[in-house]
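Working notes, structure below.
Residue numbers (our numbering): 2 to 206.
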């Protein structure tokens with residue numbers, strides 16, 4: 002539709018529509034600290050400190066990472082749907098009908114014979130039909146453009162949420178889980194050392 006009168010409308014749909022709101026870092030930090038406290042409940046102090054240290058390091062980097070995600074977030078491209086193509090074709094048909102009506106009107110002025118239906122000259126019918134088609138195509142194009150914009154906004158928001166989740170997993174979840182895995186591994190070895198079993202860690206030592 003770029004080469005038709007619908008082109009400006011379609012280009013407007015392709016412009017970025019999602020404007021991310023500022024990230025509420027303070028509330029995120031509070032939620033993460035509460036989650037960290039729940040994760041480390043009952044752990045020895047040394048492992049509690051390790052998990053909170055990992056979360057604190059991630060929190061220091063989180064605002065910058067989220068800002069980068071928001072700045073670099075590219076709107077998801079929208080393919081031109083069937084409705085837009087139909088509207089563009091109909092608009093051209095309508096314009097051709099209007100042009101045919103104008104040419105027929107010129108022919109009538111020069112005295113050339115024209116076909117009549119129900120007492121009205123054919124060029125008049127053609128021009129009227131062309132105007133109706135053009136207006137109908139413009140209305141349908143706007144409906145199609147609005148639907149495409151809504152789909153684009155939804156897809157872009159979903160992609161943005163996925164990138165934010167990835168950043169949170171990389172900076173917060175993965176380091177905290179690594180510390181907890183270290184604790185579980187050390188706890189397993191400690192229990193085995195206190196109560197060695199044949200073939201266990203203490204027996205192998």
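Every residue, glycine too, gets a C-beta built ideally from N, C-alpha and C. Keep in mind it's a predicted model, so treat the numbers as computed, not measured.
For residue 45, no alpha helix (DSSP H) encloses it, and the DSSP letter there is neither H nor E. When the Cα atoms are used, residue 160 and residue 52 turn out to be separated by approximately 29 angstroms. The beta carbon of residue 99 sits closer than 8 angstroms to those of 127, 128, 131, 132 and 135, all from its chain and outside the five residues before and after it, given in chain order. Boundaries of the alpha helix (DSSP H) harbouring residue 185: 175-195, taken from the DSSP string. Residue burial annotation: residue 50 is exposed, with fewer than 16 other C-beta atoms found within 10 angstroms of its C-beta. Scanning 188, 169, 195 and 189 for the CA closest to the CA of residue 55 turns up 169. Close CB contacts of residue 38 within its chain, under the 7 angstroms cut and outside five residues either way in sequence, are absent. The same chain holds no residue with a CB closer than 7 angstroms to that of residue 45 once the five nearest residues on each side in sequence are set aside. In this structure, the straight-line span from the alpha carbon of residue 194 to that of residue 70 is close to 47 angstroms. Non-local beta-carbon contacts of residue 176 in its own chain, meaning distances under 8 angstroms to residues more than five positions away in sequence, involve 55, 56, 58 and 59 in chain order. Within the same chain, no Cβ atom closer than 6 angstroms to the Cβ of residue 181 is found once the five residues on either side in sequence are excluded.
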